[in-house]
Amino acid sequence: MQQPKKTFEQVLEDNKNKIYRICRIYAIAPVEPQDLFQEVVYHAWKSFPGFKGQSGEGTWLYKIALNVCLRAKMKLEKVDSKNVRLESIQFMPVQSGPDEVREERYQALRDCIASLNESDQSLVILYLEELPYKEIAQVTGLTENHVAVKMKRIRKMLFDCITPKLG
Amino acid sequence: MLEKELKDIWKGSSEIERIKFDLSRLMIDLNARMNRIEKVIRKRDFREIVGALIVLPIFGYLAYEIPYPITRIASLLTVVWALYVIYKFRSVQKRRIRENLSLPFKQQLENQKTNMLDQHQLLNTVLYWYVLPPYILNLVFVWSLGYPSNIEWSGSLINHLPMDTSNKIGFTIALAVFNAFIVWLNKRAVKKTLNPLIADIERVQQQLDSTD
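Residue numbers (the working numbering), protein chains in the order written: chain A, 1 to 167; chain B, 1001 to 1212.
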């Protein structure tokens, strides 16, 4: 039996961390991850009436997040923080504060991802999100075989870059 | 082992901030933002055709008021050109592929490129559809003023139009300089803005298609 379609708010709540992780990677000053996050939320909300659920909400949201972030990075779309600010979305730093070692390791991973080309970056993000190749193919528009071939090479590049950094 | 470690680092990267939604206000905020953006788009679309809209009544009136036949024809043809420009802008606006960001990455890039190439074509050919036709018509308009000389005209407009040869030469040069500036502006926009964006899109498309 088909499950009833979730509301937009439920989809957003369930996927907010995924979106934020992608936005953190693509945000380049002066654009903040929060600006990109709000941009993704806005575009997801606009697309939601047309979302029929065939591809799964995760796949659907990954497509929107990657398209929005890449457009911002390539400056195809100007992200103006004053214009995108939605007061109803609040970002609060976690009370314990960021763990320094963890943050350093994240920065190392971020640097390695940044050293890849744009196309490989998007693939590696989806790989780190633990999407199966079939879903990565749906998000990117490549064939599953093509994704597999590319991922083999990208994983090697990523591992070669990160291994010395993580010690 | 490394793979799992990397995925853990990645998953933990969203734990630096807690994201909270005020659900009672979210829909109001999103609707307000959409209305704001649509207003900006409507204004931009209107701005594109406003020049041509201004030309219509002015040259319509000139065609009615000025008795010289060739000047009249030039005025009427300028009205036709302005209508064509409005039609052209409207059709480009309609042809623009509406953004659908829930499409796969590859298809979205293709759509972006199609829109950019459309803009490229529009700006790059501005000389032939936006600059030369009205320039030629304006020259015909100006140089035919006062001919044939047996037509008597003493309308109030006569003081505002270049009726003698030196004024006509001045007008011709000023208009040529202005039009050259418009062509230069558009070529510059193509070179500085559109070409790099198209090249960027093509670069990412090649990266996606390659298996290296």
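Don't be surprised by glycine CBs; every beta carbon is placed ideally from N, CA and C.
Predicted model only: the values in this text are computed from it and were never measured.
Residue i versus the options, residue with shortest Cα-Cα distance
i       : options                               : result
B/S1024 : A/L61, A/M157, A/K152 and A/F8        : A/F8
A/L86   : A/Y42, A/L66 and A/Q121               : A/Y42
B/A1082 : B/R1203, B/K1020 and B/I1058          : B/I1058
B/L1208 : A/L116, A/I25, A/N17 and A/E130       : A/L116
B/K1113 : B/K1043, B/R1090 and B/L1194          : B/L1194
B/V1092 : B/K1106, B/F1046 and B/H1160          : B/F1046
A/L36   : A/I22, A/S47, A/K46 and A/W45         : A/I22
A/S88   : B/M1027, B/L1175 and B/Q1108          : B/M1027
B/M1116 : B/I1009, B/A1189, B/S1210 and B/E1015 : B/A1189
B/E1152 : B/P1069, B/L1030, B/E1048 and B/G1012 : B/P1069
B/S1149 : B/F1089, B/D1164 and B/N1159          : B/D1164
B/R1203 : B/G1051, B/A1052, B/L1109 and B/R1096 : B/L1109
A/L142  : A/S122, A/G56 and A/E129              : A/S122
B/Y1084 : B/A1052, B/G1060 and B/K1106          : B/A1052
A/D160  : A/I64, A/A108, A/A148 and A/E129      : A/A108
B/I1049 : B/F1089, B/S1210, B/W1184 and B/A1032 : B/F1089
B/K1004 : A/V139, A/E130 and A/K152             : A/E130
A/V94   : B/I1136, B/A1180, B/L1137 and B/G1012 : B/G1012
B/G1060 : B/K1043, B/K1020 and B/V1080          : B/V1080
A/S119  : A/M74, A/N17, A/K5 and A/R105         : A/M74
A/N17   : A/I28, A/V40 and A/K6                 : A/V40
A/V101  : B/Q1205, B/L1002 and B/I1009          : B/I1009
B/A991  : B/L1132, B/Q1206 and B/K1106          : Absent from the model: residue 991 of chain B. The displayed extent of chain B is 1001 to 1212, so no value can be given.
B/K1106 : B/Q1205, B/K1191, B/A1180 and B/K1192 : B/Q1205
B/I1054 : B/R1033, B/T1078 and B/V1126          : B/T1078
Three-state secondary structure assigned by DSSP to residue i
i       : result
A/E135  : helix
B/P1148 : coil
B/E1017 : strand
A/M151  : helix
A/F51   : coil
A/L86   : coil
A/A27   : coil
B/L1109 : helix
B/K1094 : helix
B/Y1068 : coil
B/G1060 : helix
A/T7    : coil
B/W1153 : coil
A/K78   : coil
B/L1123 : helix
B/G1051 : helix
B/P1162 : coil
A/E32   : coil
B/L1103 : coil
B/D1022 : coil
A/C163  : The residue you asked about is not Cys; residue 163 of chain A is Thr in the sequence shown. In the structure shown, A/T163 sits in a helix (DSSP, three-state: H, G or I).
A/L142  : coil
Cβ shell of residue i (< 6 Å), same chain only, five flanking positions each side left out
i       : result
B/A1063 : R1072, S1075 and L1076
A/I136  : L126 and V147
A/Q34   : F91
A/D111  : none
B/N1179 : V1131 and Y1135
Limits of the beta strand (DSSP E) - the one that residue i falls within
i     : result
A/P93 : I89 to P93
Run of the alpha helix (DSSP H) containing residue i, from where it starts to where it stops
i       : result
B/S1166 : T1165 to A1189
A/G58   : E57 to K73
B/N1195 : N1195 to D1209
B/D1008 : L1002 to G1012
B/P1134 : L1132 to W1143
A/L123  : E118 to L128
A/L109  : E100 to A114
Residues near residue i in its chain [Cβ-Cβ closer than 7 Å; skip 5 each side]
i       : result
A/C69   : I22, C23, Y26 and L36
B/I1097 : N1111, T1114 and N1115
B/W1143 : K1168
B/P1067 : I1151 and W1153
B/F1171 : V1142 and P1162
A/Q38   : V84, R85, L86 and I89
B/L1139 : T1172
Cβ shell of residue i (< 8 Å), same chain only, five flanking positions each side left out
i       : result
B/S1156 : none
B/R1044 : none
A/L166  : R105 and A108
Counting pairs of Cβ atoms below 8 Å between the region 1089 to 1106 of chain B and the region 45 to 62 of chain A, do you hit three or more? Touching, yes, given that three or more Cβ pairs across the two stretches are closer than 8 Å.
If the cut-off is 8 Å on Cβ atoms, which residues from the region 49 to 81 of chain A count as contacting chain E, listed in chain order? You won't find chain E in this structure, because its protein chains are A and B.
Across the region 1035 to 1044 of chain B and the region 146 to 164 of chain A, are there enough close Cβ pairs to call them in contact, namely three or more that are closer than 8 Å? Segments in contact, no.
Taking 8 Å as the threshold, find out whether the region 1109 to 1125 of chain B comes into contact with the region 1182 to 1201 of chain B through three or more Cβ pairs. With a cut-off of 8 Å, the region 1182 to 1201 of chain B and the region 1109 to 1125 of chain B count as touching, because enough Cβ pairs lie within range.
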